[in-house]
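Okay, so the sequence shown: first residue is 0 according to numbering that gives the first Met the number 0, each after it adds one. Notes follow once the structure below has been shown.
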Amino acid sequence: MAEQQQQQQQQQQAQQQGLGCRRLDVVAGHFDLQAAAERAARRAGGRSQASLLARRDVSALHALLEHDNADLRARMKSFFAADPIYVPRYDIDLRDDRELAFERLARFCRAGFISVADFAADPRRIFAAHEVAALVDPSMATKMTVQFNLFGGTVLKLGTERHHAQILRGIDDASAMGCFCLTELSYGNNAVEMETTATYDPARQVFDLHSPTTGSAKYWITNGAVHAQWAVVFARLLVAAPAAAGGGGAGAGAGGAAAGGGPVLRDEGIHAFLVRIREEGGTSKPCRGVRIDDMGHKMGCNGVDNGKLAFDHVAVPREVRLGCAKGRAPLEERAGGGARRAGGRARCVASRSSPSTREKRGGGGAGRLLPLPAAAALSGSSSNVLQAKGFLRLRDRPIPGLGPLDK
Ligand SMILES: Cc1cc2nc3c(=O)[nH]c(=O)nc-3n(C[C@H](O)[C@H](O)[C@H](O)COP(=O)(O)OP(=O)(O)OC[C@H]3O[C@@H](n4cnc5c(N)ncnc54)[C@H](O)[C@@H]3O)c2cc1C
Numbered sequence: 000m001a002e003q004q005q006q007q008q009q010q011q012q013a014q015q016q017g018l019g020c021r022r023l024d025v026v027a028g029h030f031d032l033q034a035a036a037e038r039a040a041r042r043a044g045g046r047s048q049a050s051l052l053a054r055r056d057v058s059a060l061h062a063l064l065e066h067d068n069a070d071l072r073a074r075m076k077s078f079f080a081a082d083p084i085y086v087p088r089y090d091i092d093l094r095d096d097r098e099l100a101f102e103r104l105a106r107f108c109r110a111g112f113i114s115v116a117d118f119a120a121d122p123r124r125i126f127a128a129h130e131v132a133a134l135v136d137p138s139m140a141t142k143m144t145v146q147f148n149l150f151g152g153t154v155l156k157l158g159t160e161r162h163h164a165q166i167l168r169g170i171d172d173a174s175a176m177g178c179f180c181l182t183e184l185s186y187g188n189n190a191v192e193m194e195t196t197a198t199y200d201p202a203r204q205v206f207d208l209h210s211p212t213t214g215s216a217k218y219w220i221t222n223g224a225v226h227a228q229w230a231v232v233f234a235r236l237l238v239a240a241p242a243a244a245g246g247g248g249a250g251a252g253a254g255g256a257a258a259g260g261g262p263v264l265r266d267e268g269i270h271a272f273l274v275r276i277r278e279e280g281g282t283s284k285p286c287r288g289v290r291i292d293d294m295g296h297k298m299g300c301n302g303v304d305n306g307k308l309a310f311d312h313v314a315v316p317r318e319v320r321l322g323c324a325k326g327r328a329p330l331e332e333r334a335g336g337g338a339r340r341a342g343g344r345a346r347c348v349a350s351r352s353s354p355s356t357r358e359k360r361g362g363g364g365a366g367r368l369l370p371l372p373a374a375a376a377l378s379g380s381s382s383n384v385l386q387a388k389g390f391l392r393l394r395d396r397p398i399p400g401l402g403p404l405d406k
């Protein structure tokens, strides 16, 4: 028996070693420029470039590695070389490290090499800027990718002309720094299940942005700890369901009323909101109801300020919702009774709540109807209320040791 176990162990070890060797081969292949040059030449049908390295043909290597925007890249490199702020610095204080990365990025932005609008016109300009910036300072490049790509790109793609006029210029010159609040502590890659809510209040025409549990805090948010004044926040949109909606949703009673007699809120799925998170005037003070904590030191890239953010019933105007796609029923139409409004809802159900989508999301996600008490609890400060209603699963409970989101 012991002999058999020993044999099995040896077999496993041999397999692992084989796997390790294959991986090493693959990784090494990425660094074999000569082979890459030959492949490129074969693809181009041209003469072999096998001797590029041997000939130390720098310009040919440049053409191979930097295959677009050569002039732009050259100008960016000259810019970095001319300003002493881009000379590498080591062993500096965390605060200085972050300010240095920010100042480097701000100067680069003000030089006007790229614009967030390039994502629509010529995205390769922005990719080229990333490649060059990463040679100079990876922290600066990380802050840049959040500013232009995650934050700016989302506003560009999902925002209306009003949002564009409001902020695109500030994104370009770094006077409006932003962050991208998607990840939640309990929901990393599984973002569709996230818990942050944006409950529409038709009377005040505002969204009530709220983090109901510790696990719903936005985590590792780049630019969040120090520099971002703005955030694209992803949250679950809850809208009062039409009175004529009838049953069909969890806890929904006849005529769109909850079992307890109140109206129901309809879960419209994850939406993006452009939210100011720090007060105006260049202050680092968070806006009322926004809690920002610093994630502190990391293993590397300490010039990047990562934060965690939570929202305590922050009222934001309805205009801040991004992605108001044409053809979608306006919020009011989804939020009231009457035949016309019920029609609005029907479109909404058809477009957002196909059975396959629901299956993929494990029964949750867009299209759910929540009875008002549960929705109120989602907007309440205690997740215990939610658990009492049976709406939270085990993994949604506040995480021991991290404590509640104190105000
Ligand atoms: C330095 C830093 C900066 C960040 N900046 C931002 C930011 O600006 N904005 C933002 O929103 N987020 C940010 N994040 C968060 C980042 O996007 C998340 O870490 C990422 O989405 C992964 O989530 P998670 O860490 O919770 O891992 P999880 O999703 O919990 O994954 C944990 C492990 O499970 C595996 N796994 C997960 N799902 C599956 C699956 N379906 N099948 C198989 N394996 C799976 C993963 O591969 C991983 O090994 C940042 C993170 C870091 C570290």
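A virtual CB, placed ideally from N, CA and C, is assigned to each residue, including glycine. Since this is a predicted model, take the numbers as computed values, not measurements.
- Inclusion of residue 297 in the 8 Å shell around ligand 1 follows from its C-beta lying nearer than that to a non-hydrogen atom of the ligand.
- Taking 9 Å as the cut-off, the beta carbon of residue 237 is found no closer than this to the beta carbon of residue 271.
- Bounds of the beta strand (DSSP E) holding residue 209 are 205 to 209.
- Per DSSP, the continuous alpha helix (DSSP H) segment holding residue 107 begins and ends at 93 to 109.
- Ordered by chain, the residues meeting the criterion of a beta-carbon within less than 5 Å of a non-hydrogen atom of ligand 1 are 179, 181, 182, 187, 188, 219, 220 and 221.
- With a 10 Å radius around the Cβ and a threshold of 16 neighbouring Cβ atoms, residue 160 comes out exposed.
- In this chain, the beta strand (DSSP E) harbouring residue 198 covers 196 to 200.
- Inter-residue distance for residue 176 and residue 97 is about 14 Å (C-alpha atoms, whole angstroms).
- Between residue 57 and residue 37, the alpha-carbon positions lie close to 16 Å from each other.
- Counting of Cβ neighbours within 10 angstroms places residue 284 among the exposed residues, the total staying below 16.
- Residue nearest to residue 123 within the set 65, 77 and 189 is 65 (criterion: CA-CA distance).
- Between the stretch 134 to 154 and the stretch 197 to 215, the count of C-beta pairs closer than 8 Å stays below three; the two stretches do not touch.
- Scanning the stretch 125 to 156 for uninterrupted alpha helix (DSSP H) segments of 4 residues or longer gives 137 to 143, listed from N- to C-terminal end.
- The stretch 124 to 139 makes contact with the stretch 100 to 107; the number of CB pairs closer than 8 Å reaches 3 or more.
- Comparing alpha-carbon positions, the option among 95, 82, 88 and 312 lying closest to residue 206 turns out to be 312.
- Taking the C-beta atoms as reference points, residue 227 is found no nearer than 9 Å to residue 264.
- Three or more Cβ pairs closer than 8 Å define a contact, and the stretch 273 to 292 falls short of that threshold against the stretch 69 to 80.
- For the pair residue 274 and residue 208, the CB atoms are nearer than the 9 Å cut-off.
- At a Cβ-Cβ threshold of 9 Å, residue 308 and residue 187 do not count as neighbours.
- For residue 266, the enclosing beta strand (DSSP E) has its first and last residue at 263 to 275.
- Rounded to whole angstroms, residue 157 and residue 229 show a C-alpha spacing of 15 Å.
- By the CB criterion at 9 Å, residue 119 and residue 67 fall outside the cutoff.
- Shown here, residue 119 sits in a helix according to DSSP, grouped into three states.
- Residue burial is scored here from C-beta neighbours: residue 89 has fewer than 16 other C-beta atoms within 10 angstroms and is therefore classed as exposed.
- Collapsing the DSSP output to three states places residue 87 in coil.
- Secondary structure at residue 221: strand, using DSSP grouped into helix, strand and coil.
- In the three-state DSSP reduction, residue 279 falls in the coil class, being neither helix nor strand.
- Residue 75 and residue 131 have their C-alpha atoms spaced approximately 7 Å apart.
- By the neighbour-count definition (other C-beta atoms within 10 Å, threshold 16), residue 277 is a buried residue.
- In the three-state reduction of the DSSP assignment, residue 187 falls in the coil class, being assigned neither a helical nor a strand state.
- Burial check for residue 2: the Cβ neighbour count within 10 Å stays below 16, so the residue is exposed.
- Less than 9 Å separates the beta-carbon of residue 183 from that of residue 216.
- In terms of CA proximity to residue 279, 174 leads the group 174, 8 and 117.
- Residue 106 is positioned such that its CB atom lies closer than 9 Å to that of residue 84.
- Annotation for residue 292: the continuous beta strand (DSSP E) segment containing it runs 289 to 293.
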